[in-house]
Amino acid sequence: MVDQKKVKEAVKLFLEGIGEDPAREGLIETPERIARMCTEIFSGMDEDAKEHLSKTFSVSKNEIVVEKDIVFYSACEHHLLPFYGKAHIAYVPDGKVVGLSKLARTVEVYAKRPQIQEQMTAQIADAVMEYLGPKGVMVMVEAEHMCMTMRGVKKPGSKTVTIAKRGCFEKDIQLQNDFFRMVQC
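The numbering of the sequence shown is the numbering used here, which starts it at 213 and goes up by one.
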């Protein structure tokens with residue numbers, strides 16, 4: 213749980229640290245707003261993907277399932293600046309599937325915490341493998357990082373793409389190509 217009192221105190225100190233007056237009219241309620249925002253944008257810290265991936269349905273066919281263009285927003289753990297983009301998840305069921313919204317909720321669990329994209333991609337793949345038990349899973353995340361676009365190297369529009377492959381996706385090039393083709397549609 214986010215300690216709102218500590219966040220408010222930290223924001224006041226931060227404002228003073230950058231030379232601002234926390235008592236200035238436009239900033240008086242900023243510490244409270246930031247504390248409420250932290251509760252929302254870091255809510256994934258208190259969630260477990262198991263909760264979302266445990267409700268399954270039996271299937272007789274075990275063909276590829278793809279949920280693509282799952283929009284997410286996260287915060288870089290190095291700068292606490294946003295990174296955002298889309299996640300694409302494919303899995304080959306092993307007798308059971310999960311509701312499609314549960315894949316999007318799984319992305320949210322890992323996106324809504326201080327994070328790095330590489331780790332988030334792996335965490336999503338590992339959670340699907342562990343809690344859904346498919347024959348394999350492949351996750352691709354494409355994101356723009358504000359720590360690269362508004363500071364530092366300042367390259368707006370650049371995207372980082374990360375991929376995690378587990379199970380049958382690790383060596384099956386045709387299955388990987390099917391995933392990429394489906395994501396591009």
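Heads up, the beta-carbon is just placed ideally off N, CA and C, and yes, glycines get one too.
Among the options, which one has its Cα closest to the Cα of residue i?
i    : options                : result
T374 : K218, E279, G297, G307 : G297
P243 : L225, N274, D338, T268 : L225
T372 : E275, Y343, I328, Q335 : I328
G364 : R325, H290, A337       : H290
V283 : E275, V310, F269, A316 : A316
G311 : V223, K267, S255, R236 : K267
L292 : I246, F381, E342       : I246
C397 : K280, I230, H264       : K280
V159 : A287, H264, C288, Q331 : Summary: the structure shown does not reach residue 159, with the chain confined to residues 213 through 397, and so no result is reported for it.
E320 : G379, L344, G345, D258 : D258
D260 : D338, Q388, K220       : D338
G256 : F392, E237, Y285, N389 : Y285
Y322 : K383, A287, F391       : A287
F254 : M213, E241, M394       : M213
E382 : A235, M350, E241       : M350
A299 : G379, K220, V353       : V353
K175 : T318, C380, Q331       : The first residue shown for the chain is 213 and the last is 397, placing residue 175 beyond what the model contains.
Ordered along the chain, which non-local residues of its own chain (more than five positions away) have a Cβ less than 7 Å from that of residue i?
i    : result
K367 : M360, T361
E252 : none
A355 : F295, Y296, G297, Q329, K371, T372
V309 : T268, F269, V271, V277
A187 : For residue 187 there is no data in the structure shown, the boundaries of the chain being 213 and 397.
D306 : N274, G345, P346, K347
C380 : V304, K347, G348, L387
Just to confirm the assignment, what range does the beta strand (DSSP E) spanning residue i have?
i    : result
L288 : Looking at the sequence shown, residue 288 is not Leu but Cys. Element bounds for C288: 277-288.
I375 : 372-379
Applying the 10 Å Cβ sphere with the 16-neighbour rule, what's the burial state of residue i?
i    : result
H357 : buried
M249 : exposed
I385 : exposed
K324 : buried
G369 : exposed
R236 : exposed
I230 : exposed
F391 : buried
How far does the alpha helix (DSSP H) with residue i in it reach, from first residue to last?
i    : result
P346 : No alpha helix (DSSP H) contains P346, which DSSP labels as neither H nor E.
S266 : That residue, S266, is in no alpha helix (DSSP H); it is neither H nor E in DSSP.
I240 : That residue, I240, is in no alpha helix (DSSP H); it is neither H nor E in DSSP.
A235 : It is not in any alpha helix (DSSP H) - A235 carries neither H nor E in the DSSP assignment.
R393 : 385-396
For residue i, collect the residues of the same chain with a Cβ closer than 8 Å to its Cβ; drop the 5 residues on either side in sequence, then sort them by chain order.
i    : result
L239 : L227, E232, D233
K314 : H264, L265, K267
M394 : I276, V278, K280, A302
To which residues of the same chain is residue i closer than 6 Å at the C-beta, ignoring the five residues directly before and after it?
i    : result
Q216 : A247
Any heavy atom of the ligand PLP closer than 7 Å to the beta-carbon of residue i?
i    : result
N274 : Only the bare structure without any ligand can be found here, which leaves the ligand PLP out of the picture.
Check: What are the complete alpha helix (DSSP H) segments, minimum 4 residues, inside the segment 293-327?
Finding: 312-323
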